[in-house]
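Scroll down for the structure; my scribbles are underneath it.
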Amino acid sequence: MKSLAELDAIRKSALENMKVRKDNQGFKIVIGMATCGIAAGARPIMNAFVEELNKRSINVPVTMTGCVGVCRLEPMADVIDENGNKTTYIMLTPEKVEKIVQNHIVNGQIVSEYTINSTQAVF
Amino acid sequence: MHIYRSHVLVCAGTGCTSSKSLEIIDRLEKGIIKNKLEHDIQIVKTGCFGLCAEGPIIVVYPEGAMYSHVSVNDVDEIVNEHFVKGRIVKRLLSGSTEGENNSYETADFFKKQKRIALRNCGVINPEVIEEYIAYDGYQALGKVLTEMTPEQVLDVVIDSGLRGRGGAGFPTGKKWLFAAKAAGDKKYVCCNADEGDPGAFMDRSVLEGDPHSVIEAMAIAAYAIGSDQGFIYVRAEYPIAVKRLYIAIDQAKKLGMLGDHIFGTDFSFNLELRLGAGAFVCGEETALMTSIEGKRGEPRPRPPFPANQGLFKKPTILNNVETLANIPVIINKGADWFRAIGTKNSPGTKVFAVGGKINNTGLVEIPMGTTLREVLYDIGGGIPNGKKFKAAQTGGPSGGCIPAEHLDVPIEYETLIELGSMMGSGGLIVMDEDNCMVDIAKFFLEFTVDESCGKCPPCRIGTKRMYEILDRITKGKGEVGDIEKLEELAETIQSAALCGLGKTSSNPVLSTLRYFRHEYEAHIIDKKCPAGVCKELLDYMIIADKCKGCTKCSKVCPSGAISGKIKEPHIIDQSKCIKCGACLDACPFVAIIKK
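Keeping their order, the protein sequence lines are chains Z and V.
All residue numbers for the first sequence refer to my numbering, where the first residue is 667 and numbers rise by one.
All residue numbers for the second sequence refer to my numbering, where the first residue is 385 and numbers rise by one.
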């Protein structure tokens, strides 16, 4: 150990690894992982989220939830921002995930064409 | 760098390890690999969470869900439901967390606690130095070496008012100052990890859960007093603590936290482990140093005090594990921050190992000034089976009992001494109405007799004689005058024994005499044990009205003392009865009583 700066570098990198254990103030991603979601391919979606986040070294907790009742729109995921605003994305594919991470999580722009309120998802 | 979606913290402290947490980890790993989750989920072995009664404990992040009493068979369900499907296994959640809130920090057991010494226990992986660094580890050492003079470090520790957590409560800063002022070319820093009180495991948990905090603190102490060599004296009976200390020292050396030119300065510090063979007396400071020197662990008279002539006759400081664990936080957050916690004369927190007749057996860290009632009922969850609280024993064989009428006294060094007990290292044994206080005093005396090193006669002979008197009393052979003899012996030992352990060895007797004299008198005069513990003073009897003559008691009686015909009341022959209690347990009609 040569300096405080060196220590700080270790601290920051280790902290990034352990961030999932702290109360998270920023974004949170919740993926529907009930039978309907899993059958529709929620697992690869979750993996895609984790991979996309890792690729960009962003630490956002990815958790799971049950069925919200609109099984026909699965795989779905909620992106919850630091103010608690929830955006529900539906009928996800790994390509959509990439765009959501890039636009929504990184740039703060909701990808409106994939959300539950978009035109393709008429109830 | 790979980021995991979820971290699974599994307690690998001694308590949970003995309830198979290592097998659980093994099963978790297999389940995770089977479900191809190895890139999603990381398993982290941690130290003690403190809630040993509910172990083995698993905490899953990001949800913060705490599972308790997990068995190896539950693991697959956790993997399949929680890890794969994201459904928390409600059945296994810790009982003290209710409703939607699964986070363990909000459980009753943790709410009233303030974790300073235990800040990283159950939070980090003790075998990974980076995790300690992530939670501000080695910041204090860096700050001290690069920004502070040794005098400034001493000032902070003195101003913080930190007192020795090993039991006596001597101000830590003062101890360091004496050693800093002492003349000598070589000085030593020692850590007393020879935790020997029956029922105490605070230090073990800190070493197992956060070994680096002790290493960092020792380096800081060394800088403050001008030392370059430290020793940790740890008992060999703590294999997990020893293993993690070796790992931690090795990692600290590799990262340059130990060794030469730490943080690019001229400060050098080396640290070695010394394993104690488990003699209680080696927890006494002079005996501990004698033992490190390679001699038989016996105390030596003070003065000269260790600050002037300690290890190898050089100026030495010796601090307890928990005391040291507080140091890095004090340096980081400042003396004022520390003083604001606890009470005026006893700032900070104290860790207690709570055991005995209490629902939440485990490790708690509370601000000084918390009342015993809060510890036992709010954190400890009360006395099991609706029994009545009788007394709490603090300070192990050097301490005493605190009876129910003093439950609301705030816990700090002075108040406990006024009550005839002492803070001690932190064992807190809870007793209910079924505990006989004479028997408790006898238990601790038996321990002291066993562990007396034999160097000074007051302790070697005195405690033995006291034990014999107590033994006689519990066997119904007590005589009028025994209490006075006990008191006289206790006083003599107190004033004449060589070391701290000897001087305090009669405390358990004195304090039980102070609050429960009537129990001693009942044993001596009435030849009765009010709590129904002392076998020789009990008679087992069958209530004829309740006895249905089922013969179950006579079948289990090992000495053939019970006779009677089927469907007729039975009788116990007192001359044959060995008072084993087997009949009482066997009787389905509660027809057998002991009194």
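From the three backbone atoms N, C-alpha and C, an ideal C-beta is built for every residue, glycine too.
Item	Value
Here's the rule I'm using: 16 or more other beta-carbon atoms within 10 Å means buried, otherwise exposed. How should V:S959 be labelled?	exposed
Between the segment 681-696 of chain V and the segment 828-839 of chain V, do three or more beta carbon pairs fall short of 8 Å?	yes
What number of angstroms, rounded off, separates the C-alpha of V:G483 from the C-alpha of V:I624?	Interpretation of V:G483 is limited by its pLDDT of 45, a score under 50 that renders its predicted location unreliable; the figure taken from the coordinates is listed afterwards. Taking the straight line from one Cα to the other gives about 36 Å.
Identify every residue that forms a DSSP beta bridge with V:N703.	V:C575
Per DSSP, what kind of secondary structure is V:F651 in: helix, strand or coil?	coil
Based on the DSSP output, what are the partners of V:G739 in its beta bridges?	V:I813
Classify Z:D744 as helix, strand or coil using the three-state DSSP reduction.	strand
Run through chain Z and tell me which residues come within less than 7 Å of V:T530, C-beta to C-beta.	L670
Check for me: the alpha helix (DSSP H) holding V:P892 runs from which residue to which?	N891 to E905
Please classify Z:A743 as buried or exposed, where buried requires at least 16 neighbouring CB atoms within 10 angstroms.	buried
Counting only the same chain and skipping the five closest in sequence on each side, list residues whose C-beta sits under 6 Å from that of V:D424.	R389
Assuming V:T858 contacts V:D823 under a Cβ cut-off of 8 Å, what Cβ separation, rounded to an integer in Å, is found between them?	6 Å
Please name the residue or residues paired with Z:M803 in a DSSP beta bridge.	The question about residue 803 of chain Z has no answer, for chain Z in this structure spans 667 to 789.
Looking at Z:M667 and the ligand MN, is the gap between the Cβ and the nearest heavy atom below 8 Å?	The ligand MN is absent from the structure shown, which contains no ligand whatsoever.
Just to make sure I have the definition right: I need the residues of chain Z whose C-beta is within less than 9 Å of the C-beta of V:R471. Which are they?	M699, A700, M730, T731 and G732
Applying a beta-carbon distance threshold of less than 7 Å, which residues of chain V neighbour Z:P727?	P446
Mind reading off the beta-carbon distance from V:F696 to V:E669? Whole number of angstroms is fine, and I expect it under 8 Å.	Between V:E669 and V:F696 the Cβ distance is about 14 Å, and since that is not below 8 Å, they are no contact.
What are the residues of the segment 647-662 of chain V that lie near chain Z, defined by any Cβ-Cβ distance shorter than 7 Å?	F647 and G648
Quick check on the DSSP output: what are the complete beta strand (DSSP E) runs of length 3 or more inside the segment 419-487 of chain V, in order along the chain?	425-430, 442-445 and 449-451
Out of V:F554, V:A663 and V:H907, which has the shortest C-alpha to C-alpha gap to V:V917?	V:H907
Give the straight-line distance between the Cα atoms of V:C820 and V:I813, rounded to the nearest whole angstrom.	14 Å
Counting along the chain, where does the alpha helix (DSSP H) carrying V:Q523 start and finish?	Q523 to E531
Using CA coordinates, which residue listed in V:L708, V:E749, V:K741 and V:E789 is at the minimum distance from V:G766?	V:K741
Whose Cβ in chain V lies nearer than 7 Å to the Cβ of Z:M667?	L639, G640, M641, I646 and F647
Within 10 Å of its beta-carbon, does V:T481 have 16 or more other beta-carbons around it, so buried, or fewer, so exposed?	At V:T481, the pLDDT of 47 sits below 50, so the modelled position is not reliable; the number obtained from the coordinates is stated separately. Result: buried.
Provide the residue(s) that pair with Z:S735 in DSSP beta bridges, ordered along the chain.	This sequence places Gly at residue 735 of chain Z; Ser is not what is there. Paired residues: none, contrary to the question.
If I'm right that V:V463 touches V:I416 with Cβ under 8 Å, what's the distance once you round it to whole angstroms?	7 Å
Please tell me whether V:I387 and Z:K678 are closer than 9 Å, where the distance is taken between their beta carbons.	no
Under 9 Å between the Cβ atoms of V:K571 and V:P510?	no
Between which residues of its own chain and V:E920 is the CB-CB distance below 6 Å, once the five residues before and five after are set aside?	K859 and G860
What does V:Y451 touch in chain Z if you count any residue whose Cβ is under 8 Å from its own?	Within 8 Å Cβ-Cβ: nothing; V:Y451 doesn't reach chain Z, min ~16 Å.
Output the distance between the C-alpha atoms of Z:N773 and Z:I697, rounded to the nearest integer angstrom.	21 Å
In whole angstroms, what separates the C-alpha of Z:N769 from that of Z:Y780?	12 Å
Ends of the alpha helix (DSSP H) at V:G399?	T398 to S402
In the DSSP assignment, what are the bridge partners of V:Q777?	V:C785 and V:I813
Check this for me: beta carbons of V:T896 and V:C964, under 9 Å apart or not?	no
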